[in-house]
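*Asks:* Shown below is the structure under consideration.
This is how it looks when you write it as structure tokens:
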């Protein structure tokens, strides 16, 4: 811990005084007094030389000043995002205590950052940090129904309070945070995650469940980003090159800056109910990119080491220069297959309904078209689409190329409402999906076009329960099922028409047979029939 610079006391929250070691006339000597974790103090004398930093960063594509400004930009952008979110919550949810707690914690956090830059005394800064953390923790644990619903909620709150008190005590006693504080913070974060998972499992399907899902995603994202930042913090220490260290440091600060926004962002989306039903897609893509990054990183590191060891035996020391390039080539060849596998796995895990719609519905309608009636087919299609996409209403219009459209199926909407909407609607030229986000009744309309038959109908979908439009994954799934559903509808209608003609012919033959029997009976010739 840095105590003084040239005899001037440096507080833990004074970045200006800390920067004094880099300031002053070139060639002058700076005397630094530092303190070890054991409490022992020692003095170091260093010469001020602007050329040292330039030489250390040479060839890295980075300079010392650029690194400082980029690092500042990361936290400045995070601060701006928090500053914009606080009044938005205050204005949009003025009567919601959870929203007000979160807004208060975001505002107070900005004052903490300002106090840190302005070198406010440590006791004042510590008090503000404590209040900010408690407000933030209470906002998360009280969501969504303003109660501590389980024992895990109380355990998480108690764990954060213990962590806070122990951290303050050790900081003023030893002058730094210990690994015990980090362990306590990890336990508190784990209790919070368990509390929210418990809340999620108790919440029935619907809007509230989607809200909790976004908060859980924010907690998990914060934990992952902080873990990445901690790993980079450990990784940068043994690095000898200052240029390489600069890039690692920037990645570390980016991870920490994003981690500060993760939970507030999840709460903000949940409280404002903005596109709640995109949670599955967001979680799926985030997990896919995280797994892909880890796998490619592991493949690169393993390939580089193997190539380096094997190459040294054959080519000697010169192989080290090639190992990085060859390892990068190996990782590049794995990108496409790994991406496809990881994407399929995350979709099955986090977007199960959508994955099942893509996989099952084409097979189901392919079987049903051989025996089911049109009503049965449309009921199955409507139910599966409603379940997978969480549509508030579903309807199907039959007709198109050679006949007028007419309602054939409606779920969660009256047939009269569908007819009234249809009277004011003109089908567009879209090949598959026609989108109109301004339409509150049926913003998504899927054209059912069968090969050789043209348009055989339209599948109409209402908005999601939060009023939002469907995401990219949902739209792609709809486009994939359009052709098998259209072919099934066409086959069922053709079969129904053929059956009607056959049964009509059979009925005519039966009537003719009955007439002939009556004629023969009138002539006194008993019929063998």
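Residue numbers (our numbering): 138 to 666. Cβ atoms here follow ideal geometry from the backbone N, Cα and C, with glycine treated the same way.
1) Taking its Cβ as the centre, do 16 or more other Cβ atoms sit within 10 Å of residue 607, making it buried, or is it exposed?
2) Rounded to whole angstroms, what's the CA-CA distance from residue 539 to residue 229? Just pull it up for me.
3) Alpha carbon to alpha carbon, how far is residue 530 from residue 359?
4) My assumption, with CB atoms under 8 Å, is that residue 399 sits in contact with residue 355. Please give the rounded CB distance.
5) Should residue 226 go down as buried or exposed, given a rule of 16 or more other Cβ atoms within 10 Å for buried?
6) Closer than 7 Å by C-beta to residue 430: which residues in its own chain qualify, once you throw out the five before and the five after it? Chain order, please.
7) Taking all protein chains shown into account, decide if residue 266 is buried (16 or more other Cβ within 10 angstroms of its Cβ) or exposed.
8) By DSSP's criteria, residue 219 is part of a beta bridge. Which residues make up the other side?
9) For residue 166, which residues does DSSP report across the bridge?
10) On the DSSP letters alone, give me the boundaries of the beta strand (DSSP E) that residue 579 sits inside.
11) Based on DSSP bridge pairs, tell me the residues matched to residue 297.
12) State buried or exposed for residue 546, treating a residue as buried only when at least 16 other CB atoms are found within 10 Å of its CB.
13) What does the Cβ neighbour count give for residue 328, buried or exposed, with the cut at 16 atoms within 10 Å?
14) Mark residue 179 as exposed unless 16 or more other C-beta atoms lie within 10 angstroms of its C-beta, in which case mark it buried.
15) Assuming the contact rule is C-beta atoms closer than 8 Å, residue 627 and residue 567 should be a hit. Round their C-beta distance to whole Å, please.
16) Should residue 151 be labelled buried (16 or more other beta-carbon atoms within 10 Å of its own) or exposed?
17) Count the other CB atoms, across all protein chains shown, that sit within 10 Å of the CB of residue 246; report buried if there are 16 or more and exposed otherwise.
18) How would you write the range of the alpha helix (DSSP H) that residue 642 sits in, first residue to last?
19) Would you check if the distance between the CB atom of residue 595 and the CB atom of residue 534 is smaller than 8 Å?
20) Could you spell out the range, first to last residue, of the beta strand (DSSP E) harbouring residue 376?
21) Can you give the Cα-Cα distance for residue 583 and residue 470, rounded to whole angstroms?
22) Is it buried or exposed, residue 234, if we count other Cβ atoms within 10 angstroms and call 16 or more buried?
23) According to the neighbour-count rule (16 or more other Cβ atoms, all chains shown, within 10 Å of its Cβ), is residue 650 buried or exposed?
24) Taking Cβ to Cβ, would you say residue 289 is nearer than 8 Å to residue 223?
25) Measuring alpha carbon to alpha carbon, tell me which residue in 218, 379, 293 and 292 is nearest residue 198.
26) Work out the CA separation of residue 605 and residue 575 for me, nearest whole Å.
27) Using CA coordinates, which residue listed in 474, 433, 476 and 478 is at the minimum distance from residue 464?
28) To the nearest angstrom, how far is the alpha carbon of residue 446 from that of residue 479?
29) Can you tell me which of 579, 391 and 397 puts its alpha carbon nearest to the alpha carbon of residue 220?
30) Does the count of Cβ pairs from the stretch 556-563 and the stretch 507-527 closer than 8 Å reach three?
31) In the DSSP assignment, find the alpha helix (DSSP H) that holds residue 515 and state where it starts and stops.
32) With a 10 Å radius around its C-beta and 16 neighbouring C-beta atoms as the bar for buried, classify residue 513 as buried or exposed.
*Replies:* According to the structure shown:
1) buried
2) 51 Å
3) 36 Å
4) 5 Å
5) buried
6) none
7) buried
8) None; residue 219 has no bridge partner.
9) 184
10) Neither: residue 579 is in no beta strand (DSSP E) and is coded neither H nor E.
11) Note: residue 297 sits in no beta bridge, so no partner.
12) buried
13) buried
14) exposed
15) With a Cβ gap of about 19 Å, residue 627 and residue 567 do not count as contacting.
16) Because the pLDDT at residue 151 is just 49, under 50, the model does not fix this residue reliably, and the value given afterwards should be weighed accordingly. So residue 151 ends up on the buried side.
17) buried
18) Looking at the DSSP string, the run of the alpha helix (DSSP H) that includes residue 642 is 609-659.
19) Yes, the Cβ-Cβ distance between residue 595 and residue 534 is below 8 Å.
20) That residue, residue 376, is in no beta strand (DSSP E); it is neither H nor E in DSSP.
21) 38 Å
22) exposed
23) exposed
24) Not in contact: residue 289 and residue 223 (Cβ atoms no closer than 8 Å).
25) 379
26) Between residue 575 and residue 605, the alpha-carbon positions lie close to 10 Å from each other.
27) Looking at the Cα atoms, 433 is the closest of the given residues.
28) 30 Å
29) 397
30) Verdict: no, contact absent.
31) 511-526
32) exposed
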